[in-house]
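J.:
Number of protein chains: 2
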Amino acid sequence: MSSKPAIGFCGLGAMGFGMATHLVKQGYTVTGFDVYGPTLERFTKAGGQPATTLAASAKDKLFYICMVATAQQAQSALFDSEDSIVKSLPEGATLLLCSTVPASYAQSVEKQLNDGGRSDIHFIDCPVSGGAIRAADGTLSIMAGASPAAIEKGKWLLDELTAPSKLFIVEGGIGMGSNMKMAHQVLAAIQILATGEAFGFAARLGLDAKEVREKVVGSEAWSWMFENRSNRTLAEDFFPGASALGIILKDVGIITSMARLTSFPLPLCTISEQVYTSGHNLGLTPHDDAMMVRAYFPDPVFSVTSTLSSSEKEGKLKSVQDLLVGIHLVSAAESLAFAKFLGLPLAQLYELAVDAAGGSTMFKEEGKLMIDVLEGKGGDGGRKIADVVDNLKKAVEEAQKVRCPAYLGAGALNALLLGQRKGEKASDVVRFWM
Amino acid sequence: MSSKPAIGFCGLGAMGFGMATHLVKQGYTVTGFDVYGPTLERFTKAGGQPATTLAASAKDKLFYICMVATAQQAQSALFDSEDSIVKSLPEGATLLLCSTVPASYAQSVEKQLNDGGRSDIHFIDCPVSGGAIRAADGTLSIMAGASPAAIEKGKWLLDELTAPSKLFIVEGGIGMGSNMKMAHQVLAAIQILATGEAFGFAARLGLDAKEVREKVVGSEAWSWMFENRSNRTLAEDFFPGASALGIILKDVGIITSMARLTSFPLPLCTISEQVYTSGHNLGLTPHDDAMMVRAYFPDPVFSVTSTLSSSEKEGKLKSVQDLLVGIHLVSAAESLAFAKFLGLPLAQLYELAVDAAGGSTMFKEEGKLMIDVLEGKGGDGGRKIADVVDNLKKAVEEAQKVRCPAYLGAGALNALLLGQRKGEKASDVVRFWM
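Just so you know, the protein sequences line up as chains A and B, in that order. Quick note on numbering: my numbering labels position 374 of the first sequence as 374, and the sequence is numbered without any gaps. Quick note on numbering: my numbering labels position 205 of the second sequence as 205, and the sequence is numbered without any gaps.
1) If you draw a straight line from the alpha carbon of A/Y28 to that of B/Q400, how long is it in whole angstroms?
2) I need the DSSP call for A/D288, collapsed to helix, strand or coil.
3) Taking 7 Å as the CB-CB cut-off, is A/A339 touching chain B?
4) For B/N281, go through chain A and note every residue whose CB falls closer than 8 Å to its CB, in chain order.
5) Should A/L417 be labelled buried (16 or more other beta-carbon atoms within 10 Å of its own) or exposed?
6) In or out: A/A290 buried (at least 16 other Cβ within 10 Å) or exposed?
7) If we count Cβ pairs, one from each stretch, closer than 8 Å, do we get three or more for the stretch 111–127 of chain A versus the stretch 341–354 of chain A?
8) Using a Cβ-Cβ cut-off of less than 9 Å, list which residues of the stretch 359–393 of chain B approach chain A; keep chain order.
9) Whose CA, out of B/V373, B/K394, B/I124, lies closest to the CA of B/R431?
10) Compare the beta carbon distance of A/F226 and A/V320 with 7 Å and say whether it is the shorter of the two.
11) Residue ranges of each alpha helix (DSSP H) run of no fewer than 4 residues wholly in the stretch 244–317 of chain A, ordered along the chain?
12) A/T270 touches chain B at which residues, Cβ-Cβ below 8 Å?
13) Per DSSP, what are the beta-bridge partners of B/L97 in this structure?
14) How would you list, in chain order, the residues of chain A whose beta-carbon sits under 9 Å from the beta-carbon of B/E110?
15) Any idea which residues DSSP pairs A/S427 with across the strands?
16) Could one say the Cβ of B/R260 lies closer than 7 Å to chain A's Cβ atoms, at least one of them?
17) Strictly below 8 Å CB to CB, what residues from chain A border B/L245?
18) B/F264 touches chain A at which residues, Cβ-Cβ below 9 Å?
19) Quick test of your reading: A/A150 and A/F123, contact by CB under 8 Å. State the CB separation rounded to the nearest angstrom.
20) Where does B/F238 fall in DSSP's three states?
21) How would you list, in chain order, the residues of chain B whose beta-carbon sits under 9 Å from the beta-carbon of A/T53?
22) Report the rounded CA-to-CA distance for B/A333 versus B/L266, giving the unit in angstroms.
23) What does B/F226 pair with, by DSSP beta-bridge criteria?
24) Under DSSP, the alpha helix (DSSP H) around B/K45 begins and ends at which residues?
25) Which whole-angstrom value describes the C-beta separation of B/V304 and B/T233, a residue pair presumed to lie in contact below a C-beta threshold of 8 Å?
26) Comparing C-alpha positions only, which one of B/Q112, B/A103, B/D137 sits nearest to B/P127?
27) For B/V86, name the three-state secondary structure that DSSP assigns.
28) Taking 7 Å as the threshold (C-beta atoms), are A/G246 and A/D288 in contact?
29) Would you call B/N114 buried or exposed, if buried means 16 or more other Cβ atoms sit within 10 Å of its Cβ?
30) Could you pull out every residue in the same chain whose Cβ sits closer than 8 Å to the Cβ of A/G424, ignoring the five residues on either side in sequence?
31) Which chain B residues are close to A/S223, counting only those with a beta carbon under 8 Å from its beta carbon?
32) I'd like to check one pair, A/F63 with A/V30: are the Cβ atoms closer than 7 Å?
33) Measuring only between beta-carbons, confirm whether B/G154 sits less than 7 Å from chain A.
34) Is it true that the CB of A/A77 sits closer than 7 Å to the CB of A/V68?
35) For B/E160, name the three-state secondary structure that DSSP assigns.
36) Check the Cβ-Cβ distances between A/G196 and every residue of chain B, and say whether any is below 7 Å.
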């Protein structure tokens, strides 16, 4: 028997399974519950303790992690089930809700605990980011909001799940972890679809998808999502892939619901949601989100063999990069402007996202300058907005010629054109919202 | 033999055939050319004189109408063909270009005539609007730009094609007719897709499509396009229908190209173009543009039989109306703001569009107030922007729930949210561009 604390776990999906088995590898006894039997078997083989009821997973566990997919599932597991987690947790337990949920839902969990006489439970609102591989490595990015007392109790467990520099305690208590995750997912939601848009555009231009990948990765058109998803795009590794369309569609729905509630315009997130919804209606929800490339090109992109001359190729590869640069620039602005509006600490969002799934070269280089603009500091340097606009115009025009929908590229251009009226730097695009 | 002047005609498509046979019915000898043989036979049966070459259609014709589909076709027919129209037209002929083309193309025709020693030709840039039925009735709306001398020569012929109140001579010479048409097509392009979005949304809400039509027509959610297209939507009369997707896709491409050239943002036109492009990629280009409803709902909308209670139905019908009201309001603003930017006379655009294919109740009631805002006149009255925003938020939220893409509805909401920061009236949405 380990001398380390026993941990209860609920929700052994792609992310949860990685997190739970990582803890097992670190020597913890993890008792896991999942509604899907075969997952429970896999978990047992990986050294986990299977629980066949929520109550069994929670009984006597002073530390509990809930990693189900949605707020609805969390509500059912935590409170509404016959044998709910909260009913079974021992006095003084620490409860981590790692699911991506609306901040208002995290706040309602706190209220339900208090109203239900379980204010003894130390509750932490701590969504994660980084994908299944980093979950299994214990190097996730985590955004945690809670009372100082709860953070004190749970910090060692958060530390186990994350790399030292990737735990972000967000000031402001319950809900702020979720808000931070939402600001991050603005980047993620746009950049996942941008990857599909770039590969679809490239295919219609007659470019070899592998060359596109090589050209973009390491260039200013880079994003974490592009690099990550493009492996699956190239291999058609969509069934089920590593991150289902349903997940990002749920996340973007949380974002746009919050945007409507607070009357904050999010042009590219809004467009992304509609295109993801069209993917949902084509039955793609259970498949990898990289499969959204199908909204732009009907066949596997690896099937395109380039017959272009090397100078033609050079020009067209640049168009694909320009498309991504324009989209990533606006996604950075959209995320930071929304974060400012929600009262989130921008420096912390920057530090978090620059090295997480929302990262991009544009976010890294121009996002920093956008924070200066948002905070009213003049700030020099960075790209000229006119250059980004000119390049993006050409890319969108080329997309028009080859009949590639440029949902995000053309949408980004509109935001940039309005931003350009208000300043000369690329980072001035954030003035769209000011 | 008629004592009326002989007329040459090129381009007997849906619109051109109606125009040419209308002139035949008025007693003119019309010599028509078309590349498609069966059309020429139909034209002969309708009393027209068939021409098997362009030269034959133009020889000895002091009046000539070119109604081909694109600028490329016009260039070929007018100048580049072996037996081109311009080579065969007699001295002092009057040439009407009724195709929808970029203003810059119309200007290049003028230059080519002058450079080629045919400045004797009286050239009129005069795109039309109104659909095939009004073409055949001689009640089209026509936007004509030309020199006063050319207008004087050609006005009788324009009068034959249009109703007395529907001929708009736009100040500024060649190109301004095309610009006016483009400002009008901003409305058309958005409102055609809005019709599909409304019917798709309604189908996903479980509403009977016929009831939707009845509810919308005559309400503040009305548009000319909705009333016109909905007949074909309900009947699935798409093959080929009356107005091919390819036509509006071409028009919207002219608009967004001009917008890029002049750095003017057109959010809803841009979105429409991308969704139309996705329709093109599904093979819909030759079919009726009303078929774009397929982007929102996979089956014929008439197949939905409502099982809703009457109070449920009432609420959902209102959502569909609210969606349309929000979209039409922003389309009115987008068209008028762009027209102002292009230096077009707004009162004339208003008079033209309110009673043409771009018309909507929102354009009629709020467009007038938007012109006041754009012209710096205070102006009171009209709807509150907060009411439109609140209603549209609910509609977009409902679309999210039933997994209906709300490309235009959600895009319109973003524009309204920015407009709302700058004023309290619905017509203040036009400040998005100011």
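We put the beta carbon where it would ideally sit given N, CA and C, even for glycine. Note that the structure is a prediction, hence the values are computed from the model and not measured.
T.: On the basis of the coordinates in this document:
1) 41 Å
2) strand
3) Not a single C-beta of chain B is nearer than 7 Å to the C-beta of A/A339.
4) P298, R403, P405
5) buried
6) If you draw a 10 Å sphere on the C-beta of A/A290, you find 16 or more other C-beta atoms in it, and that means buried.
7) no
8) V389, K393
9) B/V373
10) no
11) Runs of alpha helix (DSSP H) with 4 or more residues, each lying fully within the stretch 244–317 of chain A, are found at 245–261, 267–281, listed in chain order.
12) A410, G411, L413, N414
13) B/C66, B/D125
14) Within 9 Å Cβ-Cβ: nothing; B/E110 doesn't reach chain A, min ~25 Å.
15) Per DSSP, A/S427 has no beta-bridge partner at all.
16) yes
17) Under the 8 Å cutoff, chain A gives no residues; its nearest Cβ is about 12 Å from B/L245.
18) L417
19) Contact holds; Cβ gap of about 6 Å.
20) coil
21) In chain order: nothing, as chain B lies at least about 32 Å away.
22) Our two residues, B/A333 and B/L266, have alpha carbons roughly 10 Å apart in a direct line.
23) DSSP lists no partner for B/F226.
24) 37–45
25) Actually they do not touch by this definition, with Cβ atoms about 12 Å apart.
26) B/A103
27) The answer is helix: DSSP assigns B/V86 an H, G or I state.
28) No, Cβ-Cβ distance for A/D288 and A/G246 is not below 7 Å.
29) The residue in question, B/N114, is exposed, as its Cβ has fewer than 16 Cβ neighbours within 10 Å.
30) It should be pointed out that residue 424 of chain A corresponds to Glu in this sequence rather than to Gly. Cβ within range, chain order: K384, I385, A386.
31) Those within 8 Å of A/S223 in chain B number zero; the least Cβ separation is about 21 Å.
32) no
33) no
34) yes
35) Helix.
36) no
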